[in-house]
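Structure record follows, encoded as structure tokens.
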Amino acid sequence: MKLGDLSPSAIRRRLRGDGLCLRTGPFNYRIRSPIDSVASGLGLLYEQVPLVDDSEYIDFTITMARGRGLRRWFRPQVRFEVDGETPFEPLPEDHAYPMLEWAMNWCVSTQAHQYLLLHSAVIERDGRAVIMPAPPGSGKSTLCAALIHRGWRLMSDELALINPFDGRLVALARPVSLKNESLDVIQRFEPSAVLNTPVGETFKGKVSHMKVPEWHLSRIHETASARWVVFPQYQAGAEARLEPRPKADSLLELAQNAFNYSLLGPSGFRTLGDLVDRSDCYRFTYSKLEQAMAVFERLRLDAQTSGGDTGHGHAGSDKVPPPGRADDGNSP
Amino acid sequence: MTHPDLLSRLWASPQPPSWTHRQWEIAVGQARRTRLLARLGFHFTDRGWMPLVPARPAAYLGTGILAAERQHREVHWELDRIEAALSGIDTPIVVLKGAAYVLAGLPAARGRLFSDIDIMVSRERLNEAENALLAAGWAQQPHDDYDDQYYRRWSHELPPLKHVQRGTVLDLHHTITQPTSRFQVEGRRLLERALPARPGGRLLVLAPEDMVLHSVVHLMQEGELDTGLRDLLDIRDLVVDFSRQADFWPKLLDRASELRLQIPLSHALVQLHRLFGLTWPTELDSQVAQLDPRRVGGPLMARLLTAALRPHHPTCDTAWSDAARLALYVRSHYLRMPVRLVVPHLIRKAFRRLKPKTS
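Protein chains in written order, with our numbering: chain A, 1 to 332; chain B, 333 to 691.
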């Protein structure tokens with residue numbers, strides 16, 4: 001059963017009750033909230049996302065609660081609560097939806113150390129993945145949003161999940177976060193793109209989230225092998241330019257972009273080292289999306305002719321043993 | 333919905349729990365809240381129970397252990413840096429609480445997670461030590477004049493220092509309880525008994541009886557019982573480990589009298605017995621009863637602590653546990669400061685909470 005099978009009022013009822021349970025890739029979430037914009041955002045963006053039966057293990061229970069005391073009525077606020085704690089400061093209530101997406105990312109990036117976690121977009125084609133790590137403002141999400149409407153499959157917009165046991169990338173396929181000008185850029189580039197009502201004046205500016213087209217979700221179980229690492233940089237007026245970047249330097253930047261590289265210790269180093277060894281690394285400057293599409297298409301065609309490892313995904317990431325279990329409690 | 337506290341009863345149970353997925357979720361959530369996730373992981377691995385754990389919660393127990401191991405590596409490095417920073421200061425350096433358990437390799441360190449490192453120096457050298465740490469890269473965190481005054485005038489520690497590069501937080505103490513407290517302890521008396529953490533090293537840890545008493549007084553006086561269960565487990569592990577020395581229990585009871593910490597110790601023993609079945613040599617029963625001879629607040633404290641030591645998690649919070657926590661919070665301040673100081677202090681804190689944060 002998918003979220004879209006529920007009526008808007010049934011979604012609201014679950015959110016106000018014991019929670020709405022969703023599966024996004026390897027993680028199950030239980031979401032609770034009395035706030036209507038949370039219900040409508042989820043209804044729009046997660047329409048094709050499967051609901052999880054309550055008897056399954058739910059990784060994270062997230063509450064987007066109303067502000068306390070006077071803040072329920074006077075300039076109402078939204079509070080993100082998880083496990084009885086409030087990790088962030090409350091925000092104005094109309095930020096509830098983007099805050100939910102941040103909260104969902106936060107849970108993964110602070111807890112899911114069974115994966116090496118990079119702050120990065122990941123897209124895939126023919127079993128080969130592009131890792132696009134970048135700081136905010138680099139145009140990573142815009143580029144990612146455009147590419148996934150031109151044949152590339154979205155694995156993740158914010159978080160690269162790498163399984164340290166086999167080095168393979170696991171898909172999350174959550175909505176793509178877009179900010180400020182990119183909202184119009186993407187809407188012009190792909191008029192069929194579905195965007196949630198934008199929220200203005202967050203600390204990131206105007207933000208919205210783009211729905212992931214259905215075929216990406218139906219292939220969410222397919223893992224992929226990294227083939228390219230591309231550090232994108234939007235630069236107004238620039239012609240698209242793809243320049244090789246040294247591997248050692250790329251490795252260091254990826255490590256800085258990781259949420260848990262040092263936590264994983266030697267296993268993090270090995271996983272990242274292997275990934276960089278297997279990948280061509282580039283710096284990519286662009287301003288026009290159509291040019292960027294052509295550059296990525298060429299990368300794909302070159303990889304097809306040169307062969308190399310494809311590796312179509314194995315389903316069922318659940319079965320992969322998690323790191324750090326039982327017997328290796330004493331390993332460094 | 334019932335309010336299951338799955339975590340508290342686990343530690344003394346000889347049988348592995350047979351939890352459903354939903355119960356595992358609750359247990360992992362409660363363990364995250366009480367900073368016991370790694371501890372829970374080790375509890376299962378040490379007993380060979382991991383094969384009984386479903387894959388998803390097992391993954392989180394594993395990641396908890398990874399996080400603890402990383403922190404322990406960092407604690408060793410951090411202590412090394414602290415020792416270097418204070419090399420020119422003529423003071424004993426006593427490592428306290430979690431970092432001390434790690435440094436001394438005590439069983440209580442297993443799966444212990446940290447938010448900061450606590451050290452104690454002699455009161456006369458406190459300012460010099462602070463300056464040496466500032467020179468070595470630790471910095472004051474932004475706080476207002478009131479907080480600064482509060483710490484320097486009334487507290488047993490300075491405002492927390494944060495390392496500018498590593499982001500680690502250090503609390504610099506000159507004793508273990510607030511000088512204004514009902515249970516004041518002169519740091520000097522603890523320093524006299526402190527022992528080298530390792531042969532030949534300069535870093536010290538408190539003597540076993542003092543280490544236990546510090547942990548006890550911290551739990552009973554800190555006011556924030558969010559990690560109360562974790563703190564109580566620390567005490568159990570310390571006591572069980574030190575009990576292998578024949579004279580530990582008499583020493584602990586004597587020392588409690590010397591430092592006038594009998595009442596907090598008495599409250600802690602009640603809880604240790606209730607939750608973990610901890611016992612002491614029977615010949616000491618009368619001495620243990622003498623810790624709190626009048627038993628004025630005993631039964632009430634036992635009830636408050638029983639409620640407040642439940643994990644502070646939505647799955648097991650009740651109106652009563654919230655009320656008990658509030659009562660203990662107020663009580664902790666009342667114990668730490670005379671009324672003429674504590675009332676303005678709490679009013680000030682309450683008002684500040686209403687103001688929006690500027691950051």
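We treat Cβ as the ideally placed atom computed from N, Cα and C, and that holds for glycine.
This structure is a prediction, so every number in the text was calculated from the model and none was measured.
For residue 65 of chain A, write down the residues that DSSP places opposite it in a beta bridge.
In the DSSP output, where bridge partners are listed per residue, residue 65 of chain A has A:79.
Could you name the residues of chain A that residue 661 of chain B contacts, counting a contact when the two beta carbons are closer than 9 Å?
Per Cβ cutoff of 9 Å: no residues; residue 661 of chain B is ~16 Å from chain A at best.
Pick from B:452, B:586, B:597 and B:412 that is closest to residue 281 of chain B, judged by C-alpha positions:
Any question about residue 281 of chain B goes unanswered here, given that chain B covers just 333 to 691.
Since residue 58 of chain A meets chain B, which of its residues come closer than 7 Å, beta carbon to beta carbon?
357
Ends of the alpha helix (DSSP H) at residue 381 of chain B?
Run containing residue 381 of chain B: none; DSSP gives neither H nor E here.
Run of the alpha helix (DSSP H) containing residue 436 of chain B, from where it starts to where it stops:
Residue 436 of chain B -> no alpha helix (DSSP H), and no H or E assigned at all.
Please classify residue 252 of chain A: is it buried, with 16 or more other beta-carbons within 10 angstroms of its beta-carbon, or exposed?
Per the 10 Å Cβ criterion, exposed.
Using the Cβ count rule (16 or more neighbours within 10 Å means buried), how would you classify residue 681 of chain B?
The residue is exposed, with fewer than 16 neighbouring Cβ atoms inside 10 Å.
Please work out which residues of its chain come closer than 6 Å, Cβ to Cβ, to residue 161 of chain A, disregarding the five sequence neighbours upstream and downstream, and give them in chain order.
115 and 170
In this structure, how does DSSP classify residue 29 of chain A when only helix, strand and coil are distinguished?
strand
How would you call residue 443 of chain B, buried or exposed, if buried means at least 16 neighbouring beta carbons within 10 angstroms?
buried
Interface residues of the region 83 to 99 of chain A facing chain B [CB-CB below 9 Å]
83, 84, 85 and 89
Below 7 Å between beta carbons is the criterion; list the residues of the region 6 to 34 of chain A that meet it against any residue of chain B, in chain order.
none
Along the chain, where does the beta strand (DSSP E) that runs through residue 116 of chain A open and close?
116 to 125
Burial state of residue 108 of chain A, where buried means 16 or more other Cβ atoms lie within 10 Å:
buried
Is it a yes or a no for the region 219 to 228 of chain A touching the region 166 to 185 of chain A, going by three-plus beta-carbon pairs under 8 Å?
yes
Would you kindly check if the distance between the Cβ of residue 510 of chain B and the Cβ of residue 547 of chain B is under 8 Å?
no
Is it buried or exposed, residue 466 of chain B, if we count other Cβ atoms within 10 angstroms and call 16 or more buried?
exposed
Tell me the residue span of the beta strand (DSSP E) that contains residue 243 of chain A.
Element bounds for residue 243 of chain A: 241 to 244.
Give the residues of chain B in contact with residue 223 of chain A, contact being defined as C-beta atoms less than 9 Å apart.
Those within 9 Å of residue 223 of chain A in chain B number zero; the least Cβ separation is about 17 Å.
Residue closest to residue 286 of chain B, alpha-carbon to alpha-carbon, out of B:464, B:490 and B:639
Here chain B covers residues 333 to 691 and nothing more, so residue 286 of chain B does not appear.
Endpoints, alpha helix (DSSP H) assigned at residue 543 of chain B
540 to 553
Kindly indicate the opening and closing residues of the beta strand (DSSP E) around residue 154 of chain A.
153 to 156
Ignore the nearest five residues each way along the sequence and tell me which others in residue 167 of chain A's own chain have a CB closer than 8 Å to its CB.
225, 226, 271, 274, 275 and 278
Burial state of residue 250 of chain A (16 or more Cβ within 10 Å)
buried
Proximity test, residue 175 of chain A beta-carbon vs the ligand FMN heavy atom, cut-off 7 Å
With respect to small molecules bound, the structure shown includes none, and the ligand FMN cannot be examined in it.
Return the residues of the region 34 to 55 of chain A that lie within a Cβ-Cβ distance of less than 8 Å from chain B, sorted by chain order.
54 and 55
Using the C-alpha atoms, what's the distance from residue 91 of chain A back to residue 177 of chain A?
18 Å
State yes or no: is the beta carbon of residue 61 of chain A nearer than 8 Å to at least one beta carbon in chain B?
yes
Evaluate residue 338 of chain B with the Cβ neighbour count: other Cβ atoms within 10 Å of its Cβ, from every protein chain shown; 16 or more gives buried, anything less gives exposed.
buried
Let me know the secondary structure DSSP gives residue 205 of chain A once reduced to three states.
strand
Inter-residue Cα distance where the pair is residue 533 of chain B and residue 361 of chain B:
39 Å
Can you list, in chain order, the residues of its chain with a C-beta nearer than 6 Å to that of residue 260 of chain A? Leave out the 5 residues immediately preceding and following it.
113 and 117
Under the three-state DSSP convention, the category residue 16 of chain A falls into:
helix
Are the C-beta of residue 318 of chain A and some C-beta of chain B separated by less than 8 Å?
Because residue 318 of chain A sits at a pLDDT of 37, beneath the cut-off of 50, its placement in the model cannot be relied upon, and the point is left open.
Mind listing the chain A neighbours of residue 418 of chain B? Cutoff is C-beta to C-beta under 9 Å, in chain order.
Contacts between residue 418 of chain B and chain A, judged by CB atoms closer than 9 Å, are missing: the closest CB pair is about 26 Å apart.
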